[in-house]
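Take a look at the structure set out below.
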Amino acid sequence: MRAGSGTATDRPHPADELRVAYAVARALKDNGIERVFLVTGGDLWLWRALRDHGVEMHLARSEAASVVMADAYARVTGRPAVVYGQWGPGAANVSAALADAWWAHSPLVALTSTVSTRVEYKFEYQELDQPPMFQPVTKWQARVTRADRAGELVSQAVRIAAAGCPAPVHIDIPSDILAEVTQPPARRAPACAPTPPAPAASAVDDILDRLARSRRPVILAGNGVLLADAATDLTELAETAAVPVLTTLGGKGSIRENHPLSAGVAGRYSSKIANEVARDADLVLAIGTDLGGLATDTYTLPSAHAELVQVDLSAERIGRTRTVQAGVVADAGQTCRALATALASRPGKDAHRAWGAAVRRRHDAWREAFQAVARRPAAGHVRPEAVVAILREFADDRDLLVADTGFMGAWGGALFPVHAPGRTFLRAAGTLGWAFPAVLGAQLAAPEGRRAFALTGDGGFGYNVGDLETAVRLNLPAVTIVLNNASLAYEHVGFKHALGGDVVHEVCDFIDIDHAEVAAAYGLFAARVDSAKTFRDALKKAIAGTRPALIDVVISKERIAPVTTFDARLERDV
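Count the sequence shown with my numbering and you get residues 123 to 696, in order.
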């Protein structure tokens with residue numbers, strides 16, 4: 123076990139095992155929960171129970187950080203993760219941090235305690251009405267009101283978090299009930315996961331008929347492909363149909379991006395070539411994406427002339443953002459397998475091979491242009507394109523990259539090609555500051571020998587500086603790359619190019635901080651770099667070591683990430 127985790131001890135006194143806290147710990151363990159992320163509250167029996175059941179506990183420096191660590195852990199493993207918050211401010215902090223997990227469909231169980239039932243509604247210190255805070259960011263909530271039902275409801279919470287379309291859930295347990303003694307319920311076997319829905323045969327035939335009529339079809343793969351663990355199935359479909367694959371930012375990894383049929387990430391944070399291909403398409407098969415504003419470049423993709431077929435687990439999401447010509451409520455993996463199997467016996471399945479080859483040539487030319495930009499010299503700072511290119515050179519194909527929102531999500535999402543299918547790229551679904559605690563959770567989830575890298579900015583990193591101590595205490599060899607321009611650069615660039623250059627510096631400029639010095643004081647390997655060469659050298663050392671590492675990279679706040687926000691005013695490089 124890593125340093126700082128809980129370890130099982132001699133068995134507790136038999137009377138202790140009858141406490142509700144032990145029923146909760148037993149239910150978590152029986153349902154496959156191996157770790158709990160938390161900021162400790164006063165529920166001492168719970169910590170003893172988790173320790174005695176061999177559930178590892180990972181203490182963060184804030185509830186927000188613990189939620190994000192759990193979120194990243196769940197995304198990498200594909201299994202539910204548990205985060206705890208004490209009543210009042212702790213629970214409020216947990217609920218506030220759940221938005222990213224909600225947007226990303228991450229199966230989190232938020233377990234919060236409440237004030238004792240003996241003092242509810244009597245203005246007890248830190249008392250809050252907690253369930254309403256969780257309603258916007260969870261798909262299910264429960265409150266334990268009977269000691270003998272605690273284990274049952276905790277088991278339900280874990281199952282529901284992962285069932286269907288995954289999402290966070292919330293369970294509230296009064297602190298006095300956690301300490302109560304009760305008769306242990308009969309132990310239940312974990313519930314079997316239901317078989318996800320397959321598409322109807324008529325729907326499969328309809329999609330393939332539309333595909334046969336099209337001249338420039340593309341597949342648009344979203345987060346649902348990864349949630350279904352269907353990257354291999356999607357790749358097989360693309361190869362059978364000889365159809366190019368675009369992904370949303372959340373669907374990145376649905377196909378390895380050095381595959382001949384990969385055409386990159388489309389949407390608002392995107393490569394130029396990916397959006398061009400999306401606009402040229404006359405048929406878009408959207409699998410596992412809600413076709414929201416980020417994925418469709420503010421609802422401009424696909425083009426109005428294109429047929430749109432949407433496949434999703436949720437009927438509520440189909441056709442919600444634009445009219446579709448066909449909608450299929452089905453699992454992404456089941457759909458890809460059914461389409462590939464049916465297509466294999468159809469004549470003319472190679473009809474789109476020339477289109478796929480043409481897209482690949484365009485994509486290769488774009489990649490060469492990106493590499494040329496990355497090689498351009500820069501005085502006194504490093505081009506973010508060079509950071510991404512060098513990181514790709516040194517990272518193993520199965521390593522993990524975690525990116526913050528804003529420009530960081532665009533640099534990493536559009537420009538860093540993942541070379542292995544599956545969940546090797548994680549990005550903030552909207553929360554600035556997400557990347558640093560996320561890389562710690564991702565590193566905990568990473569198989570032995572795999573490294574997690576974070577791409578964040580000085581604005582994002584400032585949210586969770588205290589968790590440098592968490593990285594050291596848990597001995598997590600993650601590498602955090604801080605692109606430091608002493609600014610919230612998205613806003614700075616917005617003022618310059620959207621409001622005619624009248625920059626309101628008070629809301630986007632910071633003082634210059636050497637984050638490497640800060641990290642070194644916590645005990646990390648740390649370096650500050652201002653050239654591509656010194657970044658390369660520092661990255662080599664960070665990867666060769668076994669400690670947590672941070673590289674503070676000086677960049678220019680004038681450099682614009684590959685986002686479409688400014689395309690009407692500027693011609694971007696990539």
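C-beta atoms are modelled at their ideal positions from N, C-alpha and C, and glycine is treated no differently.
As assigned by DSSP and simplified to three states, the class of residue i
{"i": "Tyr206", "result": "strand"}
{"i": "Ser127", "result": "Residue confidence is low: Ser127 scores 45 on pLDDT, short of 50, so the model does not pin down where it sits. No coordinate-derived value is stated."}
{"i": "Ser384", "result": "strand"}
{"i": "Val161", "result": "coil"}
{"i": "Gln565", "result": "helix"}
{"i": "Thr420", "result": "coil"}
{"i": "Arg691", "result": "coil"}
{"i": "Val594", "result": "helix"}
{"i": "Ala364", "result": "coil"}
{"i": "Thr656", "result": "helix"}
{"i": "Leu349", "result": "helix"}
{"i": "Leu621", "result": "coil"}
{"i": "Glu358", "result": "helix"}
{"i": "Arg141", "result": "strand"}
{"i": "Val495", "result": "helix"}
{"i": "Ile673", "result": "strand"}
{"i": "Val696", "result": "coil"}
{"i": "Val431", "result": "strand"}
{"i": "Ala666", "result": "helix"}
Segment limits, beta strand (DSSP E) that includes residue i
{"i": "Asn606", "result": "601 to 606"}
{"i": "Pro339", "result": "339 to 343"}
{"i": "His180", "result": "178 to 181"}
{"i": "Leu76", "result": "Outside the shown range of the chain, which is 123 to 696, sits residue 76, and nothing can be said about it."}
{"i": "Gln447", "result": "No beta strand (DSSP E) contains Gln447, which DSSP labels as neither H nor E."}
{"i": "Ala408", "result": "405 to 409"}
{"i": "Val651", "result": "647 to 651"}
Cut-off 8 Å between Cβ atoms - residues of its own chain near residue i, not counting five sequence neighbours on either side
{"i": "Ser297", "result": "Gly164, Asp165, Trp209, Ser235, Thr236, Val237, Ser238"}
{"i": "Phe617", "result": "Gly623, Asp624, Val625, Val626, Cys630"}
{"i": "Ile377", "result": "Ala343, Ala353, Leu356, Thr357, Ala360, Val367, Thr369, Leu383, Ser384, Pro543"}
{"i": "Pro319", "result": "Leu435, Val451, Ala452, Asp453, Gln456"}
{"i": "Val241", "result": "Glu249"}
{"i": "Phe657", "result": "Val504, Ala508, Val509, Ile512, Val651, Ile673, Val675"}
{"i": "Arg573", "result": "Ala517, Asp518, Asp521, Leu522, Gln565, Pro599, Ala600, Val601, Ile665"}
{"i": "Ile293", "result": "Val231, Ala232, Leu233, Thr234, Gln263, Ala264, Arg265, Val266, Leu275, Val276, Ala279"}
{"i": "Leu692", "result": "His619, Ile682"}
{"i": "Glu379", "result": "Gly386, Pro539, Val540, His541"}
beta-carbon residue i near the ligand PLP non-hydrogen atom, thresh 7 Å
{"i": "Leu383", "result": "In the structure shown, the ligand PLP is absent, as is every other ligand, since no ligand is present at all."}
Extent of the continuous alpha helix (DSSP H) run through residue i
{"i": "Ile329", "result": "323 to 335"}
{"i": "Glu639", "result": "637 to 644"}
{"i": "Ile395", "result": "394 to 402"}
{"i": "Leu435", "result": "Segment: none, Leu435 is in no alpha helix (DSSP H) and carries neither H nor E."}
{"i": "Ser217", "result": "211 to 219"}
{"i": "Val198", "result": "185 to 199"}
{"i": "Gly455", "result": "454 to 466"}
{"i": "Arg240", "result": "Looking at the DSSP string, Arg240 is not in any alpha helix (DSSP H), and its letter there is neither H nor E."}
{"i": "Arg173", "result": "166 to 174"}
According to DSSP, residues forming a beta bridge with residue i
{"i": "Phe632", "result": "DSSP, once it has assigned bridges, lists no residue as partnering Phe632."}
{"i": "Asp580", "result": "Bridge partners of Asp580: none, in fact."}
{"i": "Glu680", "result": "Glu680 is not bridged to any residue."}
{"i": "Ser609", "result": "Asp631"}
{"i": "Thr686", "result": "Bridge partners of Thr686: none, in fact."}
{"i": "Phe575", "result": "Leu523, Val601"}
{"i": "Tyr391", "result": "Val685"}
{"i": "Thr369", "result": "Ala343, Val387"}
Sequence-distant residues of the same chain with beta carbon closer than 6 Å to residue i, five excluded per side
{"i": "Gly126", "result": "Because the pLDDT at Gly126 is just 44, under 50, the model does not fix this residue reliably, and the value given afterwards should be weighed accordingly. Cβ neighbours of Gly126 beyond the five flanking positions: Arg595, Leu596."}
{"i": "Trp477", "result": "Arg338"}
{"i": "Leu661", "result": "Phe516"}
{"i": "Ala223", "result": "Asp193, Leu230, Pro290"}
{"i": "Leu416", "result": "Gly389, Arg390"}
{"i": "Gly579", "result": "Met530, Leu605"}
{"i": "Ala272", "result": "Val142, Ala145, Val146, Val266"}
Close-in-space but distant-in-sequence residues of the same chain around residue i (CB under 7 Å, 5 per side omitted)
{"i": "Val216", "result": "Glu185, Val189, Val205, Gly207, Ala232, Thr234"}
{"i": "Ala196", "result": "Pro202, Ala203, Ser228, Pro229, Leu230"}
{"i": "Ala642", "result": "Ala648"}
{"i": "Arg401", "result": "Leu423, Ser425"}
{"i": "Tyr421", "result": "Gly415, Thr443, Arg444"}
{"i": "Glu156", "result": "Val177, Glu178"}
Query raised in the report: Unbroken alpha helix (DSSP H) runs of length 4 or more, entirely within the stretch 497 to 563: which are they?
Result: If only uninterrupted alpha helix (DSSP H) runs of at least 4 residues are considered, those enclosed by the stretch 497 to 563 are 506 to 516, 529 to 537.
Query raised in the report: Which ranges does the beta strand (DSSP E) cover as unbroken runs of at least 3 residues, wholly within the stretch 244 to 326, from first to last along the chain?
Result: Within the stretch 244 to 326, the complete beta strand (DSSP E) runs of at least 3 residues are 263 to 265, 291 to 296.
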